[in-house]
Amino acid sequence: MKIAVLGAGVSGLTAANRLQQKGCEVVVYEKNETPGGLARSRFTDGLLYDPHGGHILNSKHPEVMEFVFSILPKENWQYTVRNAKIYFNGRYISYPFELSLCELDTEDAVDCVYDFILAKEREEPDNFRDWLVWNFGEGIAKRYMIPYNEKIWAYPLEDMETQWMQGKMPLPEKKEMIRSMLLKDPSERKMPHSTFYYPLRGGIQTMSNALAAPLTIRYGTPVQRIERKEKGWAVNGEEKFDKVISTIPLPVLPGVMELPPSVCDSISKLRYNSLNTVLFECPKTDITWLYIPSHAYRSHRVGYQSTLTPYGGPREGRSCGALEIIGERIEDPAALSQRSDILPEALGFTKALDSEFTEYAYVIHDKKYRKSVTEITAYFAQDDSFSLLGRWGTWNYKNMDLCMLDAMKLTEEMKL
Ligand SMILES: Cc1cc2nc3c(=O)[nH]c(=O)nc-3n(C[C@H](O)[C@H](O)[C@H](O)COP(=O)(O)OP(=O)(O)OC[C@H]3O[C@@H](n4cnc5c(N)ncnc54)[C@H](O)[C@@H]3O)c2cc1C
Numbered sequence: 017m018k019i020a021v022l023g024a025g026v027s028g029l030t031a032a033n034r035l036q037q038k039g040c041e042v043v044v045y046e047k048n049e050t051p052g053g054l055a056r057s058r059f060t061d062g063l064l065y066d067p068h069g070g071h072i073l074n075s076k077h078p079e080v081m082e083f084v085f086s087i088l089p090k091e092n093w094q095y096t097v098r099n100a101k102i103y104f105n106g107r108y109i110s111y112p113f114e115l116s117l118c119e120l121d122t123e124d125a126v127d128c129v130y131d132f133i134l135a136k137e138r139e140e141p142d143n144f145r146d147w148l149v150w151n152f153g154e155g156i157a158k159r160y161m162i163p164y165n166e167k168i169w170a171y172p173l174e175d176m177e178t179q180w181m182q183g184k185m186p187l188p189e190k191k192e193m194i195r196s197m198l199l200k201d202p203s204e205r206k207m208p209h210s211t212f213y214y215p216l217r218g219g220i221q222t223m224s225n226a227l228a229a230p231l232t233i234r235y236g237t238p239v240q241r242i243e244r245k246e247k248g249w250a251v252n253g254e255e256k257f258d259k260v261i262s263t264i265p266l267p268v269l270p271g272v273m274e275l276p277p278s279v280c281d282s283i284s285k286l287r288y289n290s291l292n293t294v295l296f297e298c299p300k301t302d303i304t305w306l307y308i309p310s311h312a313y314r315s316h317r318v319g320y321q322s323t324l325t326p327y328g329g330p331r332e333g334r335s336c337g338a339l340e341i342i343g344e345r346i347e348d349p350a351a352l353s354q355r356s357d358i359l360p361e362a363l364g365f366t367k368a369l370d371s372e373f374t375e376y377a378y379v380i381h382d383k384k385y386r387k388s389v390t391e392i393t394a395y396f397a398q399d400d401s402f403s404l405l406g407r408w409g410t411w412n413y414k415n416m417d418l419c420m421l422d423a424m425k426l427t428e429e430m431k432l
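Residue numbers (this note's numbering): 17 to 432.
And the structure:
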């Protein structure tokens, strides 16, 4: 059986590997010149840089980790304990905020705990802004949850639904929360996703390269035409395939294939945001991520690449990180280091060494999301020779491990 996989991100690469292992002939189409999609890395001035945001791996699904280590053996990975912080009122508070209240000033902490005790008393709201107050209480919501989420989504929180973050956002039990107030040592607090893997050398690109190595990939080949044939599909008017798996963003499809107007209409209602990252060298730090909720600064997060692996490249006594800003493409990223509204001065952002714009960064789960995705999925489900997969192929907030899991499930269930 001959199968086309559209997109050489983690989803497409995983599906292609599994199908090839089952004896299928697989061709991957990728518009870029390198594999990985969002999971990519490069070195600039010797400094490691994941241009689409630092990509670490962890999974509660053992079959995913088993697959990953079969592709890139475990000794090639650095195992790290997360050391995330929040820059709050000029101080570094441990992450997650809601479990680190003992590190706040007493009055802030009392407000947060008092409001948390009163939380969840009324009916659960269906919009994200009210849900944050309902779930965490006003004290935590207004100091951290609301401003941080306003920055990372750049979308009205009251127009977002709430189902998407079940299992994604740490939801402390009241008792756990109060316990955390009494624990001065952050390492004793229960934290989700507190450890992770990252390739020792070469960044997350090393994993993407290992996934790509055994495959036939047509690089620099954007999908421009997908046609239904009497038997199977033709891609770009050339090769014929029995089946197609598409991981490219759904909004690309109406431009490359025939779709009913109702499906095009549902696709046009999908919302997403875009990301700018900027690499910089900075004073030495052992922080993995720094979250910046304050609206005084445009950047919402810095990922410190040099903490993910000892081979990140900075000079002795220095570190490197990439700041993240949501929104339109920034035309002159080099000028950002001159501005005081990008990052707190203490972080030492004095020079932009590299930058990248990512058009498709985060799926926005607005109020129209569920209906649109259900309609699109139902249409494609009618034909088992064309499957949707991946973060943008299925329009779902999924990390790499869940993309891999979906690819493994899909290729297991496919009639070959
Ligand atoms: C800022 C940020 C940080 C993240 N951090 C983490 C993390 O730490 N850990 C984690 O597990 N996950 C993380 N994620 C999520 C992770 O990036 C995704 O889950 C995963 O990479 C998605 O893989 P994918 O293959 O589905 O999509 P993509 O990586 O987007 O792959 C799609 C591929 O299709 C190609 N393509 C698009 N259009 C065409 C076309 N017309 N023709 C041919 N090819 C095309 C693209 O070039 C791309 O290679 C992060 C995401 C973001 C935005």
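For glycine and all other residues, C-beta sits at the position ideal for the given N, C-alpha and C.
- Membership of S278 in the alpha helix (DSSP H) is indicated by the continuous run P277 to S284.
- For F257, the enclosing beta strand (DSSP E) has its first and last residue at E255 to F257.
- Relative to E375, the option among R287, R355 and S310 whose CA is nearest is R287.
- Check the Cα spacing between D201 and each of G343, I308, K38 and C118: the tightest is with C118.
- If you draw a straight line from the Cα of R217 to the Cα of Y65, it is about 12 Å long.
- Relative to the Cα of E274, the nearest Cα in the group D422, L29 and F402 belongs to F402.
- Listed in chain order, the alpha helix (DSSP H) elements of length 4 or more contained wholly in the region 66-131 are 78-87.
- Distances from the CB of T237 to the heavy atoms of ligand 1 include at least one below 8 Å.
- By the 16-neighbour rule on beta-carbons within 10 angstroms, V97 is exposed.
- At least 9 Å separates the beta-carbon of E391 from that of R334.
- In this structure, E46 and R234 form a Cβ contact; the two beta carbons are roughly 7 Å apart against a cut-off of 8 Å.
- Pairwise C-beta distances place the region 262-274 out of contact with the region 304-313, as fewer than three of them are shorter than 8 Å.
- In the three-state reduction of the DSSP assignment, F365 falls in the coil class, being assigned neither a helical nor a strand state.
- Take Y413, set aside five residues on each side of it, and the residues of its chain with a beta-carbon closer than 6 Å to its own are W180 and V379, in chain order.
- Taking one beta carbon from each stretch, the region 107-125 and the region 236-246 have fewer than 3 pairs nearer than 8 Å; the two do not touch.
- Inter-residue distance for F132 and K190 is about 8 Å (C-alpha atoms, whole angstroms).
- In the DSSP assignment, D417 falls within the alpha helix (DSSP H) that extends over M416 to E429.
- In the DSSP annotation of this structure, the continuous segment of the alpha helix (DSSP H) that includes Y385 starts and ends at Y385 to A397.
- By the C-beta density criterion, D400 is exposed, having fewer than 16 other C-beta atoms within 10 angstroms.
- Beta-bridge partners assigned by DSSP to R244: W249.
- L134 is not a Cβ neighbour of Y214, given a cutoff of 9 Å.
- Listed in chain order, the non-local C-beta contacts of F257 below 8 Å within the same chain comprise K18, I19, A20, V43, G248, W249, A250 and V251, local neighbours out to five positions each way being set aside.
- Taking I168 as the centre and dropping the five residues before and after it, the same chain places the C-beta of H316, R317, I342 and Y378 closer than 8 Å to its C-beta, in chain order.
- The beta carbon of S27 sits closer than 8 Å to at least one heavy atom of ligand 1.
- Under DSSP, the beta-bridge partners assigned to A338 are L295 and G319.
- In the same chain as Y111, and ignoring 5 residues on each side of it, the C-beta atoms closer than 7 Å to its own belong to A100, K101, I102 and Y307, in chain order.
- Between N292 and P360, the CB-CB gap reaches or exceeds 9 Å.
- For the options K367, E255 and F373, the alpha carbon positioned closest to that of N289 is the one of F373.
- Annotation: the continuous alpha helix (DSSP H) that includes Y164 extends over I162 to W169.
- In the structure shown, E174 falls within a helical segment according to DSSP collapsed to helix, strand and coil.
- Secondary structure of S353 (DSSP, three-state): helix.
- In terms of side-chain proximity, the C-beta atom of T263 is found nearer than 8 Å to a non-hydrogen atom of ligand 1.
- Taking C-beta separations shorter than 6 Å and ignoring five residues to either side along the sequence, the partners of S224 in its chain run P51, G52 and A55, following chain order.
- Within the same chain, Cβ atoms closer than 6 Å to the Cβ of G329 are found at G62, L63 and L64, the five residues on either side in sequence being excluded.
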